[in-house]
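Residue numbers (full-length UniProt numbering): 1 to 484. Heads up, the beta-carbon is just placed ideally off N, CA and C, and yes, glycines get one too. First the structure, in the form of structure tokens, and then the observations on it.
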């Protein structure tokens with residue numbers, strides 16, 4: 001029997017009725033004489049209450065039974081050294097586990113922060129898109145005063161169905177363009193330039209006086225001696241549309257040709273023709289329908305291949321149609337006016353720096369309108385925000401700029417003069433344009449007739465951004481790619 005105080009075998013074992021623990025009588029008597037309590041439970045205990053034991057039953061001591069080797073100081077020191085070594089090893093293991101736990105926690109927190117940033121960016125972009133749409137809707141709700149008596153717009157025939165078709169197409173195009181997220185293939189700090197030109201022959205053996213290009217189907221049409229020639233640049237297939245004395249020509253995204261002569265419009269998919277009044281000025285195809293906007297010196301019309309959908313009593317000159325197919329931006333004197341081709345209403349007006357307006361184009365982001373104007377040796381590209389009906393940016397050049405293209409990502413603007421070109425990059429974080437240095441333009445590149453070849457789908461397919469210049473005298477297209 002082991003004493004619960006000394007941890008050694010009891011010579012005269014007794015048991016405490018308070019705790020039931022076994023003690024050597026001499027140790028428990030000394031303890032009671034000083035404290036008067038049970039060593040285990042601290043309850044009051046007197047010597048007379050102790051019960052002597054004469055059996056061999058054992059009990060669990062409070063302290064561990066010393067090992068037989070712990071009977072001398074050297075043996076105890078050796079034991080302590082072994083215990084210390086074990087403690088050191090255990091502490092090292094615990095520290096190692098703590099470091100690993102810290103690393104895992106750091107990685108987990110990093111991933112959580114990244115996920116939070118992605119979610120925050122998505123929410124921010126959603127809110128910006130929602131705000132932009134609300135502002136655009138508000139801007140388009142602006143309406144001018146009605147025209148004077150005798151000047152009313154004319155909607156003729158069964159045009160209601162045709163105009164409703166344009167309305168439906170607008171909604172479909174808006175959803176499609178919003179879903180296409182395109183990004184410029186190089187970061188904003190990368191210098192880009194036009195690469196080495198390559199040539200491709202078109203209209204072989206024909207004499208072409210003017211052309212029109214539709215990049216959505218990569219097809220070019222030209223006015224020849226005996227009619228209109230259509231050539232697919234993708235596969236080289238050529239077809240002819242016999243129509244006399246064409247002054248203007250266009251091709252829709254469905255491949256339908258519209259040719260404007262002195263007094264009528266004819267279409268490649270219909271034997272009918274549509275009469276016009278006034279000198280033909282421009283014809284613009286709808287982005288997805290076989291619908292065309294025709295400008296003359298007396299009015300402008302919206303037509304399909306069988307009828308006039310609407311005729312508006314106002315003479316327009318230079319113009320461009322929005323990618324969603326409703327808003328027409330047109331030059332009226334020294335201003336740019338916005339019209340709805342569905343209702344004919346005027347939606348807004350922008351003042352232009354110079355009276356000589358060279359080009360009008362909507363950016364693919366849906367809310368920018370770019371206008372190039374010039375005077376003598378100065379030129380300006382103004383960027384208007386349709387959502388706010390204000391000028392958002394202005395790029396000024398101390399030379400005569402003849403043309404420009406803006407890429408499908410709306411982040412690169414290439415301007416052309418007679419012998420040079422400049423690549424400007426839009427920096428989103430500063431909301432400003434970084435104008436590059438003018439670079440020499442290849443002698444074979446005619447800056448007057450420059451077309452963007454690349455579409456948004458091409459960007460999504462990782463194709464390069466490419467432009468061409470048309471040389472009608474040599475029946476060639478001179479191609480060049482934007483590269484590092």
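Item: Nearest-angstrom Cα separation, counted from residue 362 out to residue 323; Value: 7 Å
Item: Straight-line gap, residue 88 to residue 106 (C-alpha atoms, nearest Å); Value: 27 Å
Item: Proximity winner among 84, 347, 257, 482, relative to residue 271 (alpha-carbon distances); Value: 257
Item: CA-to-CA distance, residue 189 to residue 268, given in whole angstroms; Value: 47 Å
Item: Residue environment, residue 110, which counts as buried when at least 16 other CB atoms sit within 10 Å; Value: exposed
Item: Same chain only: Cβ atoms within 6 Å of residue 13, ignoring 5 sequence neighbours per side; Value: 1, 22, 53
Item: CB of residue 482 within 8 Å of CB of residue 260, strictly; Value: no
Item: Burial state of residue 250 (16 or more Cβ within 10 Å); Value: buried
Item: CB contact flag (residue 224, residue 237, <8 Å); Value: no
Item: Backbone CA spacing between residue 313 and residue 135 [nearest angstrom]; Value: 29 Å
Item: Best match in 450, 50, 74 for proximity to residue 214 [C-alpha to C-alpha]; Value: 450
Item: Per-residue DSSP class, three states only, for residue 312; Value: strand
Item: Distance between residue 119 and residue 406 (C-alpha atoms, nearest Å); Value: 30 Å
Item: Nearest residue (CA-CA) to residue 325, options 168, 283, 228, 45; Value: 168
Item: Contacts around residue 420, its chain only, beta-carbon distance under 7 Å, and the 5 residues preceding and following it disregarded; Value: 438, 439, 440, 441
Item: Identity of the residue in 39, 336, 366 nearest residue 15 by Cα; Value: 39
Item: Cutoff 8 Å; reference residue 144; Cβ partners in own chain excluding five residues on either side; Value: Here the model assigns residue 144 a pLDDT of 41, short of 50, so the residue's position is not dependable, and the following value carries that caveat. Taken in chain order, the residues that qualify are 345, 346.
Item: Segment limits, beta strand (DSSP E) that includes residue 338; Value: 335 to 340
Item: Proximal residues to residue 479 (C-beta, below 8 Å), its chain only, five neighbours per side dropped; Value: 197, 198, 199, 200, 453, 466, 467, 468
Item: Cβ separation of residue 29 and residue 47, assumed to be a contact under 8 Å, to the nearest whole Å; Value: 6 Å
Item: Three-way DSSP call (helix, strand, coil) for residue 465 in this model; Value: coil
Item: Coarse secondary structure for residue 377, derived from DSSP in three states; Value: coil
Item: Top-ranked residue by Cα proximity to residue 391, from 409, 432, 413; Value: 432
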